[in-house]
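Let me begin by presenting the structure, written as structure tokens, before commenting on it.
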Amino acid sequence: NKTAVRYYLKSLLLEEAINDKAGIANSLNNIGSICFKEGNHQKALYYYSKSIKLKEEIGDKQGLGYTFKNVGDIYSAKGDIVKALEYYTKSLKVETEISDKKGIAYSLNSLGTIYMNQKKYETARLLLDSALVISKKLGFPENLKNCERLLFQLDSVKGNFKGAFEHFKQFIIYRDSIINEGTRKASIKNQLNYEFEKKEAIIKEQQAKEHAIAEEKDRFQQIIIASVLFGLILVIVFAAFVSRSLKTTREQKHLIEEKQKEILDSIRYAKRIQTAIMSNETYINTTLNRLKS
């Protein structure tokens, strides 16, 4: 129930966000029904009253009929017969206006129960017989079962044991048909659940495989990225080494060139001195030869 209420409240928030009044009214009614099942009558009445207000505003008469009946059920459970009759009558009136046969059968059954508990047997029989006729036309097993049960109780109280026996037999028939139908639906549901779980297991297995493949791809990509980064680092280190070697080579070449220049300068300087000396010697020799003459 808590899970259901949580989802109904989520639905309510979305419906309020888009101003879906019909949706809001239905969600409020559903929340009220859960509160009623939990025995929280005051809270249920709070949600039902808000639902009724919205349904009256948008003219949802069928919805109104069911919510009026829900409110009647609360007052009936609380023992407030006057209020219960008021809301069951409201429900019947709205359902009659729109010819909601199923709703009419429900309301007649509820009213018949109230009058039977009040020992107003004739009124109760009239209401329950009418509910039975409508339910048979509709082929409505749940309400047929309830009608037959109530008529069995009514005939038993009135001492009509033959009638009580006939209604009890019909009650058993409808009850068993509902049980059998429920069993059939449960069997179908179990089969569907089995198929769903089987498919879900296949999907999960496929997802696990895809996840493993994705992880392997991711690991492979990481290896590639790491290899590329390592390669780049090696290239950078090698480039730095080459650059440093070239720089050292250039520095050495520069030093060699400077040394060569110094040597060449020294040779040129020595040559100039030698030339100068040779010129002086020639001059001296010429001078001595001239003096000898």
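Reading the sequence shown from the start, the letters are residues 67 to 359 in my numbering.
All C-beta atoms in this analysis are idealised placements derived from N, C-alpha and C, irrespective of residue type, glycine included.
Quick one, are the C-beta atoms of residue 201 and residue 213 less than 7 Å apart?
-> yes
Through-space distance from residue 188 to residue 134, alpha-carbon basis = 25 Å
Alpha carbon to alpha carbon, how far is residue 127 from residue 162?
-> 10 Å
With a threshold of 16 other CB atoms inside 10 Å of the CB of residue 356, please say whether the residue is buried or exposed.
-> exposed
Keeping to the same chain, check which residues put their C-beta closer than 7 Å to that of residue 253; ignore five residues upstream and five downstream.
-> Interpretation of residue 253 is limited by its pLDDT of 42, a score under 50 that renders its predicted location unreliable; no figure is taken from the coordinates.
Can you say whether residue 331 is buried or exposed, counting buried as having 16 or more other CB atoms within 10 angstroms of its CB?
-> exposed
Return the first residue and the last residue of the alpha helix (DSSP H) that residue 102 is part of.
-> 87-103
Express the C-alpha separation of residue 269 and residue 157 in angstroms, rounding to a whole number.
-> 49 Å
Under three-state DSSP, which class holds residue 164?
-> coil
Report the rounded CA-to-CA distance for residue 258 versus residue 273, giving the unit in angstroms.
-> Interpretation of residue 258 is limited by its pLDDT of 49, a score under 50 that renders its predicted location unreliable; no figure is taken from the coordinates.
Starting from residue 195 and walking both ways along the alpha helix (DSSP H), at which residues does that stretch end?
-> 187-204
Put residue 225 into one of helix, strand or coil per three-state DSSP.
-> coil
Coarse secondary structure for residue 146, derived from DSSP in three states | coil
If we ignore side chains and look at the alpha-carbon of each, how far apart do residue 215 and residue 106 end up?
-> 28 Å
Rank 95, 210, 301 and 245 by C-alpha distance to the C-alpha of residue 74 and give the top, closest one.
-> 95
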